[in-house]
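Counting from 24, one number per residue, gives the positions in the sequence shown under this note's numbering.
Think of the CB as a built atom: it goes at the ideal place given N, C-alpha and C, for glycine as much as any other residue.
Take a look at the structure set out below.
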Amino acid sequence: MSEPNNRIGCAARGSQQYCCQNREFTNTPAVKGKQLQDLANFIGGAWVPAHDGATDEVLDPATGAVIATAPASGEADVDAAVAAARGAFGEWSAKTPRQRSEALHAVADAIEANMDELRALECANVGKPVSIIEFEMDLTLDNWRFFASAGRFLEGKAAGEYEAGYTSMIRRDPLGVIGSIAPWN
């Protein structure tokens, strides 16, 4: 008699099968038996909790169990992140397009190197079938690589004579730091 299949999702890649089952990841060497954990904000090069210590629970959609806690960030956290970004702005904007591209490609490399773990974590977090998560994560990686390269080919530099006797130059420079909250679902 076979065991009941209570897996949230599974997919095969080569000879390896990847599954997530409730909160525990199975058949995925990088994450076998690993549980999600307390999450933090990444601000100024360090992982930090919300300024006021508030957290939200991350629930396993299959069981309703708490699988992690995430910082319930507020205005003070946004202010700290913007201040840290402003502090790094001069150094970052002075980098060449090649250097910025290489930094973003390094993020893409890290995503690719940890793809199995990221897929399994996403599966446990949202309960989607692995086949959908594979598509989404592959698209995520492609987006990082595309935009890491796109920055090397900025348009908008131009020279022309818009008024007699004068040469006008147009160039695009970074304006500064913004804070953005992007709602999702």
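Three-state secondary structure assigned by DSSP to residue i
i, result
"A69", "strand"
"A85", "coil"
"S124", "helix"
"I201", "coil"
"A182", "strand"
"A93", "strand"
Straight-line gap, residue i to residue j (C-alpha atoms, nearest Å)
i, j, result
"T86", "V149", "11 Å"
"A182", "S191", "6 Å"
"T92", "Q60", "7 Å"
"E140", "F65", "19 Å"
"G202", "V101", "7 Å"
"E186", "K151", "59 Å"
"I134", "A173", "18 Å"
"T119", "G113", "12 Å"
"I155", "Y189", "57 Å"
"V89", "Q122", "41 Å"
"G68", "A126", "14 Å"
"M138", "D165", "12 Å"
"I204", "A99", "14 Å"
"I193", "A108", "26 Å"
"D75", "E145", "27 Å"
"E184", "T163", "43 Å"
"A103", "L62", "17 Å"
Cβ-Cβ separation, residue j to residue i (assumed contact under 8 Å), whole Å
i, j, result
"D83", "A143", "Between A143 and D83 the Cβ distance is about 13 Å, and since that is not below 8 Å, they are no contact."
"A73", "G97", "7 Å"
C-beta atoms of residue i and residue j nearer than 7 Å
i, j, result
"V105", "V200", "yes"
"R175", "A131", "no"
"A171", "H128", "yes"
"P197", "S124", "no"
(request) May I ask you to verify whether the segment 66-83 touches the segment 153-164, counting CB pairs closer than 8 Å and requiring at least 3? (result) No, the segment 66-83 is not in contact with the segment 153-164.
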